[in-house]
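Accompanying notes for the structure given below.
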DNA sequence: TGTAGTGTATCGGTATAGCGATACACTTTG
DNA sequence: CAAAGTGTATCGCTATACCGATACACTACA
């Protein structure tokens, strides 16, 4: 696992790191049990504060992608790898949807907006379905 | 046009206002030339600072949804209404995609992530297509 | 058991988002 | 041309996001 980071992209560094780990898992570059680079190593290599790497790792742990062991290191979790195939199917669905949206001549912003709207609506409908009254 | 606002939702007030205007346009509740409520009126009704309404209106203008005339008021633009039908088609596309994604047992966060990934990828591919080299 | 390697916790600084208070400027209408 | 109704501009406050410096704590292993 080798990290790269763009200081001037405006995208938070810790998010860039998270993204790269997730992507590596989905492509198979990282597999269950694999150890991630040391927090310090990453920090030194990228000339970044250790805290920034800590934050990335902590959130990845919170999302269930990795397991962080105090004193030992950070490792890819089995469950994370299991989702990789599902993710590939999801990608196909999303890709075709975006193609159709692009052909409607929508801007990225408009696409995002429609998407967020429908997502919110789907969520509330699910909530209503669960409710007992 | 009647606004509502949720102070404790965490969603910025000016975004809530923008959302409601856009939605009203898409549903036909607002039509080309219709005047939006006065900045002051909205501010007073919702117990909100005029600046907040100003921001919402300004961004809506920047997005081409409304036209703001100094001293006169804010009005829905023709072009904005024209997009409404396209938006409805887009909604259908997105909705079915989200349904399929939900059946894959993805969380909202995961859905967003796949979506943003594919959107970014589609954009870069479009760029490559335009490039001459 | 101690030392090197690992993650963790605490504090602080800077930039920015969001919102409010208030004074200003344009336009319509009589 | 004046008054009422409209949008505009400027300033400042507060919360929070992001990142850095530095000291602490756990674990593995010789």
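Chains as they are written, first to last, in our numbering: chain A, 1 to 133; chain B, 1001 to 1133.
Each residue gets a CB set at the ideal place from its N, CA and C atoms; glycine is no exception.
Please read all numbers here as calculations on a predicted model, not as lab measurements.
| query | result |
| --- | --- |
| Closest by CA to residue 1121 of chain B, which one among A:42, A:92 and A:120? | A:92 |
| So is residue 94 of chain A in contact with chain B if we call contact Cβ pairs under 8 angstroms? | yes |
| For residue 11 of chain A, which residues in chain B fall below 8 angstroms Cβ to Cβ? | By Cβ distance, chain B contributes nothing, its closest Cβ being about 11 angstroms from residue 11 of chain A, past 8 angstroms. |
| Report the partner residues of residue 75 of chain A according to the DSSP bridge assignment. | A:35 and A:67 |
| Does residue 1010 of chain B come out as helix, strand or coil in the three-state DSSP assignment? | coil |
| With distance defined between alpha-carbon atoms, name the residue in A:56, A:78 and A:47 nearest to residue 7 of chain A. | A:47 |
| Using alpha carbons as the reference points, say which of A:106, A:101 and A:59 lies closest to residue 14 of chain A. | A:59 |
| When the Cα atoms are used, what is the spatial distance from residue 1133 of chain B to residue 1113 of chain B? | Here the model assigns residue 1133 of chain B a pLDDT of 39, short of 50, so the residue's position is not dependable and the matter cannot be decided. |
| State the start and end residues of the unbroken alpha helix (DSSP H) segment that holds residue 1096 of chain B. | 1084-1103 |
| Between which two residues does the alpha helix (DSSP H) harbouring residue 1005 of chain B extend? | From DSSP, residue 1005 of chain B is part of no alpha helix (DSSP H); its letter is neither H nor E. |
| When the Cα atoms are used, what is the spatial distance from residue 1027 of chain B to residue 1041 of chain B? | 23 angstroms |
| If contact means a Cβ-Cβ distance below 7 angstroms, which residues of the region 1097-1114 of chain B contact chain A? | 1097, 1098, 1100, 1101, 1102, 1104, 1106, 1108, 1111 and 1114 |
| Apart from the five residues on each side of it in sequence, which residues of its chain come closer than 7 angstroms, Cβ to Cβ, to residue 31 of chain A? | 76 and 81 |
| If we define contact as Cβ-Cβ less than 8 angstroms, is residue 87 of chain A a contact residue for chain B? | yes |
| Please decide whether residue 1060 of chain B counts as near chain A, where near means a Cβ-Cβ distance under 8 angstroms. | no |
| Is it buried or exposed for residue 1069 of chain B, if we count other Cβ within 10 angstroms and need 16 for buried? | exposed |
| Round the Cβ separation of residue 1104 of chain B and residue 89 of chain A to the nearest angstrom and send it over; I've been treating them as touching at under 8 angstroms. | 6 angstroms |
| Checking 8 angstroms against the spacing of the C-beta atoms, do residue 43 of chain A and residue 18 of chain A come in under that value? | no |
| Is there a Cβ of chain A sitting closer than 8 angstroms to that of residue 1118 of chain B, yes or no? | yes |
| Please check if any C-beta of chain A sits within less than 8 angstroms of the C-beta of residue 1122 of chain B. | yes |
| Specify, as a first and last residue, the run of the alpha helix (DSSP H) that residue 1054 of chain B falls within. | 1050-1062 |
| With a cut-off of 8 angstroms, does the C-beta of residue 1016 of chain B fall near any C-beta of chain A? | no |
| Tell whether a beta-carbon distance below 8 angstroms holds between residue 84 of chain A and residue 21 of chain A. | no |
| Shorter than 8 angstroms from the beta carbon of residue 1080 of chain B to some beta carbon of chain A? | no |
| I believe residue 1064 of chain B touches residue 1079 of chain B by the beta-carbon criterion, under 8 angstroms. Please report the beta-carbon distance rounded to the nearest angstrom. | 6 angstroms |
| Considering only C-alpha positions, which residue in the set B:1086, B:1045, B:1050 and B:1101 is nearest to residue 110 of chain A? | B:1086 |
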